[in-house]
Structure formats: C-alpha cells, structure tokens
Amino acid sequence: MAEQLSLTNDRKEYQIAYEQDLNASQLEAVIHTKGPMLVIAGAGSGKTRTLTYRVARLVEEGISPASILLLTFTRKAADEMLKRASELLDRRCEKVSGGTFHSFAHTILREHASHVGYNPRFVVIDRPDAESLIGMLRKEMGLSAAHRSFPRKKTLANIFSKAINKTMPVEDVIFDDYPHFSAYLEGIQSLHSEYSKRKVQHAFFDFDDLLIYLRRLLQEDSEVREKLSEKYHYMLVDEYQDTNQMQSDIICLLAGKDKNVMVVGDDSQSIYAFRGANFKNIINFPELFPGTRIIRLEENYRSVQPILDLANVIIESAREKYTKTLFTKNSSGTQPVLVSAGDENSQSRFIVDKIRSLGNQGVSLDEIAVLFRAGFHSFDLEIELSKLTIPFVKVGGFKFMEAAHIKDVLAHLRVILNPYDRISWYRILLLLEKIGPTTAERIYEAIQEKNSGYSGVFDVQPKKAFAAGLDRLKDFFRKIDPITHSVARIGGDILEYYRPLLKEKFDDHPKRAKDLEQLLTIMARYDNLERFLTDMALEPPNVSIEDTFLTEQSKDSRLTLSTIHSAKGLEWHTVFIIWALDGRFPSSHALEKTEDLEEELRLMYVAATRAKENLFIVYPMSFYDRNIGMMLNRPSRFVDGISEQILEKQFVGRGGAHLFMDDFSDRY
DNA sequence: TCACGGAATATTTTT
DNA sequence: TATTCCGTGA
C-alpha cells in the first residue's frame, strides 16, 4: 500500500485523466499496481474499459510493455483492448503481449516443446481436423460396424475434449453426461487411447494439447518457468469465469513471486461449464492468492433500470455466487415483456411484426438481435425473414475456416509442411474420382514408405481408374517449391489445380470460388507457411461465408440472429429471446442436474443483460417435442411467475397481426 | 470399392 | 439447415 501511494505521489503528471474517465471502483482497479486482484465485473459495467485503462496505466507508470501479458478468450478481444489502450496513451501499448491462452501456449511451445519431449515442429489441428482423425480411427477399428449406434465422431470429440477440460477420466464423462453410451465404454476408451497415440505419432497438437503441454512444460521445467514468470511480470486475465482448471494452473505457475495477477470476470455470466470451464475459479481465486484485493463493478452503463430489475430477479435464484446488484443512473425506460405466442410460426411472425414497427420508430436492423438457446431454434424465423427479404446475419453459424472448400485448399498446404499428415492426405486424395477410403489408405502408405516428403506421391503407381486425377495431383506438386516460392504463389497454384475439382464437387461453386480468392488475399500477407497454417487454426479470420458475398451497404443494416453463447459481451437496442419455453430453455437435457440448471439460469441472465432499451422474451404456447415425447407448454421457469411489475405479459394469437407485409421489403 | 441418394438427426462451442 | 450415416447398385 505504502509503495503504491508513493508511486502515485511521485508522478502526479499523467497523460490520461483517470479520475475523470472512470468511476470510483473502476479507478481503484486501474491504479492498483502490485499484488493479486480480482475484479468482479457485472454485465455492462465497463469491464473492457477497466482493463484497457489499466494497461495504459501500467505503461504510463513506466512498466515495460513487453512484461505485461493480457490473456483473453478471443484474439479479437485482445486486439481491441490493446488498440484502445494505444489510442488512450500511445503506441507503446501495442507492444504489450496479448492473445488467447491457446496462442500464448503455441508461442511458448514452438520454442520450448523439446524440453518436455515433444516435437517442436508440431502441427496445430482444429476441431474438424480432430473429428476427422477420430472418424478415421473409428472406421479402422471397426467400431461403427459392430454397433449400430456407436457415437458419432463429433460426439466422440466432445467427450474427449470434455475429459481433458474437466480433468476427468473419459469413463466419468460418459457416466455423467452420456450414460446412454455406457454400453460402448470400452470401445470409446480404446478409441481415445488410439487417438492420443496417433496425435503423438503425427505431431498433431489439438487445442486441448496446447494447454496441457504448456502446463506440463511449466510444471516440469523450472528454468523455463522462472524465465517466463520473470518476463511476464504483470498478468491480466479477462473472462476469468470461463477458465478451466488447466488455465488456472497455468496462471498460478506463471505468477512468480510477486503475483501481479489481475483477473476480471463475472461468475453470473459463466456459461461454458459444459466444456470444462469452472466458474469456481473466480470464487477460489482469493484462496489461491492470499491478499487478493477484490473489487466489484456494479454500476451498469448499458441497460435501462427495468431491464436490470428483471436481470437481478433472474439471477437472485442462483445458488452460489458473489452477490452483486446491478444498478444504473439511467432510471427511465420501458418494461421487459413476456410474450406468449400461439405456435412456433406466430412466434416468428411476432418478431417480424415488431421489427417492422421498430423500424418505423427509427430503430434500424443492426440495433436489434434475436437470441436463442441452440442454433436450430431460429430455423423457422430464418424462413420467415427470407420470405420478407429482411436481411440478417446468423452468428455462431458457419465458420469460414471450417467450410469444406477452404479446408480442401489448406490440406494441400499442410502436406507440404508435414507429409505425415494423414488427415490432409485423405482429404486431398478423396477429392479425386474413383479414390475412396480404401484406395486413399493405400496411397498414403505408399507415400510414407518412400519417406521422401510429399514427393513420395510421385512414385505412386495408380490404377487406371484414377490415373488421370492422380497425375494432375503429381503435376501440381512438381510445380511448387516450398523453399523459394511465396505462400501466395503456392496458394495460386493450388487454386489452379483445385478449381476444376471445386466445380465437380459443389453446385454453388461460384460462391465458393469467391471465398477462395479471399483466402488467397489472406495468404499474401504471410511470408511463412507454417505461420499461416497455425494462424488459420488458432486465429482464423472471423468472416462467415455469406459475409464475403454481401455488399457493403447491406452489411451495415442487418438483423442479428445469435445463440446466447455467441452474444456474450455484445449489446443491442432491442433484444428478443425466443423459445423461452420450459424444456427448450432450460433445455430438457439440463433438467436433471442442479449445476446444469444453474448454468441455464446464468444463460438467461446473460441473454437479458444484452438489451439496452427493449427486451422481449417470447415463447410458443404449446409445442410437441418429439425427442422427449412431451408437450411443452409452460414458459421458461426462469421467467415464469415474475410479477407484472417487473415483467409485463402479452399474448399474440396464432397467425399474429400481419397486415402490411407486402410493402415491408422496400423499407430496408 | 466407389458413388449416390435418401433418411435421420441435432444443446450450447471464444480455442 | 446442413451434415452425417447407411444401404444399394454398378
């Protein structure tokens, strides 16, 4: 404390007017210098602002930017904060190390992987890659043939990842979350160990491995650990409620002796427990770091009071939490409404009608969002919106990097760097006419036998059926030279080779060809192939496929459809939450376990606190869910029975009031 | 062995 | 909506 005072007294002149720009609690967090600190930041309480100012403050105090490490969950978040800090202060802030846990792990491991016995030339594989590897193994091991309902590869990847992230054996994950697969326990376990083995063989690191290996490195190599904790003398961690055990361990290991760790989060907004996040990390932090200063940010700068009142009521029933009550100085505003619609379609039509009248009041489409529990909940609404040609974006939908055609192109690049990459060879070979899994396997083996990198493919003797296709592939590989050719040049060659295949494979090839052009522009920014591929896995450009296709003007005014998960941290003038039907939200999957139900509750809280001015919570009055064979007809338990004073009730009949839909399309 | 078609299926997913 | 999976015929 004394030290801190002297610091502030010594240098009275600051470029930034901290006292003016921040409220009392924010200021307290920002000027804190030494020792651990936990900031409990309620929704809309200026969390990002606080982090940004603190980065600037540390730099202004004379701390070297390179010794500050800012860890976030998305690259975008880190970039954004550092950019803002630079605008506040000066360009020194750009030198702060910032990024995701995964990209940080990647950087460290590239340098030190060999210290713990790993191949430093590892390849980072993303989720779909991991899934296809699992899919291949499942087939090889004959598991799907033996049992009709053996889990799908996607499910398997989920199970494996969950086991890692929750630090649990696979067995327990199945027992807890997938009891219906317990009959296949043995098969799943042997598949899992095979998967781990193959990853090591191929030097594949999946996302989880990055964290595991980093932790292991820090645990086992004290020299590296000390070097790093010396280097990153100040750590700031965002969204701490969504960290898992591994991430918390990593922070502890890095904290060094001064423990200048600031973590920021909101336990009430923890919504990733299903994949291993442990919101108790936030509650345990002060125990882990004795002497932690705890600061609460409770003043909300986003929503009107009636919305906060509802949010506070919703979260009140959470069992384990840091208590905080959001308030705002903005006390006016309209009440949130619970809307009961006839059926799914009248729910959709209610939204459409409401959007129309909001449009008349001058609220543009990009200020409105429709939020839901699961991706497919918006299908009916999407149809309705398309009918009326109302432009919308669905976020959390298809990712640019995960599209088949993009992955096809990347596969060609990957085998150049890593000729053992079985996933990519399969992908490349299966594109060719008359080559199926069996043939692909044979060719792959033949390539490996030569042990001469990707040029092993030159010696493969093709059968007549696929000779033409394979010859084209060989020609392509002969043409390139990874040493002298630029990334973009190789990319160009791939495209030339791939275009005919693209036309064969996809009906919508013109659209996809455009995506590929875009990919080529991205490649042009890289001079290192390895770098490019890693970035594509770890920090893919955040464009959805449709985005590349839209004109600039239609981009600025589109309605947002989003899962609640993808809406975290965002805000809109008007928010609709649809399918607020008990059994859908909370999901019927979550009804059995208290923790699961609690997470659903927090999800509702997150959804509600996205709204600035208007909040509509909508549900169809009755809906038959064939999966559980039940009629759902009660509103979500999280909003049912809340008094009219907090939550107004409305009814919309079947069909809705639908008068002026013809001329609607002209309006946007 | 491969290609194709149709049916079944689906919680959420920053990396 | 869009994938994934399986059965069928060539």
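The opening residue of the first sequence carries number 1 in this note's numbering; numbering runs sequentially from there.
For glycine and all other residues, C-beta sits at the position ideal for the given N, C-alpha and C.
Every value quoted in this text rests on a predicted model; they were computed, and no experiment measured them.
| field | Pick from Asp459, Leu89, His112 and Ile294 that is closest to Ala446, judged by C-alpha positions | value | Sequence index remark: in the first sequence, residue 446 carries index 446 (1-based). Ranking the options by Cα distance to Ala446, first place goes to Asp459.
| N- and C-terminal bounds of the beta strand (DSSP E) containing Ser317 | Residue mapping note: residue 317 aligns to position 317 of the first sequence, counting from 1. Where Ser317 is concerned, there is no enclosing beta strand (DSSP E), given that its DSSP letter is neither H nor E.
| Val337 versus His32 - alpha carbon distance | The sequence position of residue 337 within the first sequence is 337, counting from 1. The sequence position of residue 32 within the first sequence is 32, counting from 1. Each residue's alpha carbon lies about 41 Å from the other.
| DSSP on Lys394, reduced to helix/strand/coil? | Start at 1 with the first residue of the first sequence, and residue 394 comes out as number 394. Strand, per DSSP.
| task | Name, in chain order, the residues that DSSP records as bridge partners for Ala369. | result | Counting from one through the first sequence, the residue named residue 369 turns up at place 369. BP columns for Ala369 point to Thr560 and Val575.
| Close beta carbons around Arg512, own chain, < 7 Å, minus the five adjacent residues each side | Locating residue 512 in the first sequence gives position 512, counting from the first residue. The residues His405, Leu502 and Phe506, in chain order, have a CB closer than 7 Å to that of Arg512 in the same chain once the five nearest residues on each side in sequence are set aside.
| Between Glu598 and the rest of its own chain, which residues show a CB-CB distance below 7 Å, the 5 nearest in sequence each way excluded? | Here residue 598 refers to the residue found at position 598 when the first sequence is read from its first residue. Excluding positions up to five away in sequence, the list reads Ala318 and Arg319.
| field | Span separating the alpha-carbon of Gly359 from that of Arg499 | value | Counting from one through the first sequence, the residue named residue 359 turns up at place 359. Counting from one through the first sequence, the residue named residue 499 turns up at place 499. Cα to Cα, Gly359 sits roughly 43 Å from Arg499.
| Distance, Cα to Cα, Ile646 vs Arg121? | As a position in the first sequence, residue 646 is number 646, starting the count at 1. As a position in the first sequence, residue 121 is number 121, starting the count at 1. Ile646 and Arg121: Cα-Cα distance of roughly 58 Å.
| Rounded C-alpha distance that separates Leu538 from Ser622 | What you label residue 538 is simply residue 538 of the first sequence in a count that begins at 1. What you label residue 622 is simply residue 622 of the first sequence in a count that begins at 1. Those two C-alpha atoms are separated by around 43 Å.
| If Cys252 and Leu288 are in contact, beta carbons under 8 Å, what's the gap, nearest whole angstrom? | As a first step, residue 252 must be located in the first sequence, where it is residue number 252. As a first step, residue 288 must be located in the first sequence, where it is residue number 288. Contact check for Cys252 and Leu288: beta-carbon distance about 6 Å, within the 8 Å limit, so the pair qualifies.
| Option nearest Pro482 by Cα separation, candidates Leu254, Leu591 and Glu530 | Here residue 482 refers to the residue found at position 482 when the first sequence is read from its first residue. Ranking the options by Cα distance to Pro482, first place goes to Glu530.
| query | Relative to the C-alpha of Leu137, which residue among Val575, Lys197, Ile355 and Ser357 is closest? | reply | The residue you call residue 137 lines up with position 137 of the first sequence. When only C-alpha atoms are compared, the closest one is Lys197.
| message | Checking 9 Å against the spacing of the C-beta atoms, do Val639 and Ala580 come in under that value? | response | The residue labelled residue 639 in the question sits at position 639 within the first sequence. The residue labelled residue 580 in the question sits at position 580 within the first sequence. The answer is yes: Cβ separation under 9 Å.
| task | In the DSSP assignment, find the unbroken beta strand (DSSP E) run with Ser182 in it and report its ends. | result | On the first sequence, position 182 is the one that residue 182 refers to. Note, Ser182: premise wrong, no beta strand (DSSP E); not H, not E.
| Burial state of Glu595 (16 or more Cβ within 10 Å) | By one-based count along the first sequence, residue 595 stands at place 595. Looking at its Cβ environment, which holds fewer than 16 other Cβ atoms inside 10 Å, Glu595 is exposed.
| task | Check whether the Cβ atoms of Leu371 and Phe392 lie closer than 9 Å to each other. | result | Taking the first residue of the first sequence as position 1, residue 371 is located at position 371. Taking the first residue of the first sequence as position 1, residue 392 is located at position 392. Not closer than 9 Å, so no.
| task | Provide the residue span of the beta strand (DSSP E) that contains Ile125, from first to last. | result | For this step, residue 125 is matched to residue 125 along the first sequence. From DSSP, the beta strand (DSSP E) with Ile125 extends over Val123 to Ile125.
| field | Residues near Ala29 in its chain [Cβ-Cβ closer than 6 Å; skip 5 each side] | value | On the first sequence, residue 29 is found 29 positions in, with the first residue counted as 1. So the qualifying residues of the chain are Val39, Thr50 and Ile295.
| message | If contact is defined by three or more beta carbon pairs under 8 Å, each pair taking one atom from either stretch, is the region 221-237 in contact with the region 199-213? | response | no
| message | Please report the straight-line C-alpha distance between Asp267 and Ile16, rounded to a whole angstrom. | response | Walking along the first sequence from the start, residue 267 turns up at place 267. Walking along the first sequence from the start, residue 16 turns up at place 16. Rounded to whole angstroms, Asp267 to Ile16 spans 30 Å at the Cα level.
| query | In whole angstroms, what is the alpha-carbon distance linking Arg478 and Ile125? | reply | Position 478 of the first sequence holds residue 478. Position 125 of the first sequence holds residue 125. Roughly 26 Å separates the two Cα atoms.
| said: If you measure between the beta carbons of Leu429 and Tyr444, is that distance less than 9 Å? | reply: Position 429 of the first sequence holds residue 429. Position 444 of the first sequence holds residue 444. Yes, Cβ-Cβ distance for Leu429 and Tyr444 is below 9 Å.
| field | Contacting residues, own chain, Cβ-Cβ under 7 Å from His115 (five flanking each side not counted) | value | Stepping through the first sequence from its first residue, residue 115 is reached at position 115. Around His115: Leu217, Asp221 and Val224.
| request: Would you identify the three-state DSSP class for Pro510, choosing helix, strand or coil? | output: Numbered from its first residue, the first sequence carries residue 510 at position 510. Three-state result, Pro510: helix.
| task | Could you spell out the range, first to last residue, of the alpha helix (DSSP H) harbouring Ser340? | result | Residue mapping note: residue 340 aligns to position 340 of the first sequence, counting from 1. Per DSSP, Ser340 belongs to no alpha helix (DSSP H); it is in the beta strand (DSSP E), Val337 to Ala341.
| Where are the alpha helix (DSSP H) runs, 4 residues long or more, that stay fully inside the region 73-112, in chain order? | 75-88 and 101-112
| field | For Leu570, the three-state DSSP class (helix, strand or coil) | value | As a working note, residue 570 is residue 570 in the first sequence. In this structure, Leu570 counts as coil in the three-state DSSP scheme.
| Alpha-carbon spacing of Arg610 relative to Glu171, whole angstroms | By 1-based counting over the first sequence, the position of residue 610 is 610. By 1-based counting over the first sequence, the position of residue 171 is 171. So the two alpha carbons sit approximately 38 Å from each other.
| task | For the alpha helix (DSSP H) holding Gly469, just list the boundary residues, first then last. | result | Within the first sequence, numbered from 1, the residue matching residue 469 stands at position 469. If you look at Gly469, you'll find it in the alpha helix (DSSP H) that goes Lys464 to Lys479.
| Which ranges would you report for the alpha helix (DSSP H) in the region 585-639 if only whole runs of at least 4 residues count? | Contiguous alpha helix (DSSP H) elements confined to the region 585-639 occur at 594-608, taking only those with 4 or more residues.
| Is it buried or exposed for Ser346, if we count other Cβ within 10 angstroms and need 16 for buried? | In the first sequence, the residue the question calls residue 346 occupies position 346. With a threshold of 16 other beta carbon atoms within 10 Å, Ser346 meets it and is buried.
| query | To which residues of the same chain is Arg525 closer than 8 Å at the C-beta, ignoring the five residues directly before and after it? | reply | What you label residue 525 is simply residue 525 of the first sequence in a count that begins at 1. Closer than 8 Å at Cβ, skipping near neighbours: no residue.
| query | Using CA coordinates, which residue listed in Gln241, Leu388 and Glu504 is at the minimum distance from Phe682? | reply | The structure shown does not extend to residue 682, since the chain is modelled only from 1 to 668, so the question has no answer here.
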